[in-house]
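Engineer: Next up is a structure, given as structure tokens.
2 protein chains.
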Amino acid sequence: MTVDLEDTKERVLDAAEELYYGRGVQAVGMDAVRTASGVSLKRLYQLYPSKSVLVEAYLRRRDAHLLHGLASYVEAVPGPPEERVAAIFDWLYEWFSEPDYRGCAFINSYGELGATAPEVAAAARAHKDAFQRYVARLVAAADLPAPLAAHLALLAEGAITTAAISGTPEPARQAREAAKVLIAAARA
Amino acid sequence: MTVDLEDTKERVLDAAEELYYGRGVQAVGMDAVRTASGVSLKRLYQLYPSKSVLVEAYLRRRDAHLLHGLASYVEAVPGPPEERVAAIFDWLYEWFSEPDYRGCAFINSYGELGATAPEVAAAARAHKDAFQRYVARLVAAADLPAPLAAHLALLAEGAITTAAISGTPEPARQAREAAKVLIAAARA
DNA sequence: AGAGTGGGAGAACGATGGTTCTCGGGTAGT
DNA sequence: ACTACCCGAGAACCATCGTTCTCCCACTCT
């Protein structure tokens, strides 16, 4: 019957994600999403009744995927829990090395729409909160002092935007070095 | 004769800056700039023959103002040069506390237009480069090791976006703490 | 004073984009 | 085979925006 409704929604989100992330939300019209996904406009509007709904779905899914990707990368790291804290920055390095890396979708969307679309601003806030909480969890698991988490999160955030603008993955390395110093100092 | 041509250009840039920074570049039409600046459309297009030229001028001036503001803040700090390095984060705190703070204009513009407007991406790169060089200069003046500059720049960058999205100036404080630790470790 | 010029206000134009509508063909149920 | 419905393709509609044009007034130069 339905060729899997959920399946089609995913296909639309796949197309939307690639386009929105690659070119910016405002630069991508519904027509581009329709062409890229192969889903007719009518159906598209049945699944997502407006562009802003689609954008929210895009951000929600991206949030889940990113955090899940980070968590599974980190949890696969063997050794003492401290290693897993530092592994955040190895994950960043891999992310930054993807050929179409263009920074954090949430920061970019916030810059585009944060002032005019409160849902977008809220999504960005929620994502960054979740990231901070995850870092805090890793820090706690390694028996390191809580304030370290915020410091490491700042380094990661800085690396994300610096890598995007400079176009190299190097900031991940530098952030890792700095993180190591902070961790060593915190252990004392 | 000319009611000071340069004066009018500045007035236009003042209006453009407030609008572009506050709402995003794409969300602001030439008409809004015209109304806010009180300069007729015809004159506006004489001064800046297209929106993209105006946007570039906006970014160029913002770059100059920001770095100049930072430099004069930092240079007014007495005491050993190391204090001036840490003062970067005090300056950030003040900046973040401005009521209409909305993050870094360059990061925001990059998110909006970086993918489609190479000049914007270049402007962002140039600005971040200049910032890094300035930090490096302060670090060198304090006789601290060069790699520290990149680390501090990452903290600052992270604080800028975290403060924007979270809506509080606190990240500046946290970044300052982390910077202190890195500086102390580097001195050893 | 009269003609010309510069400039302002805002209409006009063309393109783009979000959203809806129309049309035509295919499919299912009888 | 006939009818009723669903759906895709794309046109249509309306708003917005970048840019240009028109009209008109005030001022200047002779």
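So the sequence lines, in the order shown, correspond to chains A and B.
Start counting the first sequence at 1; every next residue gets the next number (full-length UniProt numbering).
Start counting the second sequence at 1; every next residue gets the next number (full-length UniProt numbering).
Every residue, glycine too, gets a C-beta built ideally from N, C-alpha and C.
All of these numbers come straight from a predicted model, not from anything done at the bench.
Suppose contacts are defined by Cβ-Cβ distances below 8 Å. Is B/L154 in contact with A/A159 by that definition?
Structural biologist: Cβ distance < 8 Å, so B/L154 and A/A159 count as in contact.
Engineer: Going by beta-carbon coordinates alone, are B/A175 and B/L92 separated by less than 8 Å?
Structural biologist: Yes, the Cβ-Cβ distance between B/A175 and B/L92 is below 8 Å.
Engineer: Does the beta carbon of B/I88 come closer than 8 Å to any beta carbon on chain A?
Structural biologist: Not one chain A Cβ lies under 8 Å of B/I88.
Engineer: Comparing C-alpha positions only, which one of A/A172, A/Y134, A/Y58, A/V12 sits nearest to A/L44?
Structural biologist: Minimum Cα distance to A/L44 is reached at A/V12.
Engineer: I want to check one thing, is the minimum distance from the CB of A/A141 to the heavy atoms of the ligand MG below 7 Å?
Structural biologist: No copy of the ligand MG appears in this structure; indeed no ligand is present at all.
Engineer: Using only the alpha-carbon positions, how far apart do B/E112 and A/V39 sit?
Structural biologist: Straight-line Cα distance between these residues: approximately 26 Å.
Engineer: Could you name the residues of the segment 116-138 of chain B whose beta carbon sits closer than 7 Å to any beta carbon of chain A, in the order they occur along the chain?
Structural biologist: If the cut-off is 7 Å between Cβ atoms, the segment 116-138 of chain B has T116, A124, R125, K128 near chain A.
Engineer: Assign A/A124 to one of three DSSP states: helix, strand, or coil.
Structural biologist: DSSP places A/A124 in helix when its eight states are reduced to three.
Engineer: At 4 residues or longer, and completely inside the UniProt DNA-binding region "H-T-H motif" (29-48) of chain B: list those alpha helix (DSSP H) runs for me, N to C.
Structural biologist: Here the runs fully enclosed are 30-37, 41-47.
Engineer: Since A/A130 and A/L67 are thought to touch, with beta carbons under 8 Å apart, how far apart are those beta carbons, to the nearest angstrom?
Structural biologist: Yes, A/A130 and A/L67 are in contact; Cβ-Cβ is about 6 Å, under 8 Å.
Engineer: Alpha carbon to alpha carbon, what distance is there between B/V139 and B/E75?
Structural biologist: C-alpha separation (whole angstroms): 13 Å.
Engineer: Pull out every residue of the segment 151-163 of chain B whose Cβ sits closer than 9 Å to any Cβ of chain A, in chain order.
Structural biologist: Listed by position along the chain: H151, L152, A153, L154, L155, A156, E157, G158, A159, I160, T161, T162.
Engineer: Tell me, to the nearest whole angstrom, how far the beta carbon of A/R102 is from that of A/Y21; I am working on the premise that it is less than 8 Å.
Structural biologist: Yes, A/R102 and A/Y21 are in contact; Cβ-Cβ is about 6 Å, under 8 Å.
Engineer: Rounded to whole angstroms, what's the CA-CA distance from B/R34 to B/E119? Just pull it up for me.
Structural biologist: Whole-angstrom Cα-Cα distance: 23 Å.
Engineer: Check whether the Cβ atoms of A/K180 and A/A86 lie closer than 8 Å to each other.
Structural biologist: Going by C-beta atoms, A/K180 is nearer than 8 Å to A/A86.
Engineer: With DSSP run on the structure shown, which of helix, strand or coil describes A/R102?
Structural biologist: It is coil, neither helix nor strand.
Engineer: Taking beta-carbon pairs under 9 Å, can you tell me which members of the segment 65-92 of chain B lie near chain A?
Structural biologist: Cβ contacts with chain A: none found.
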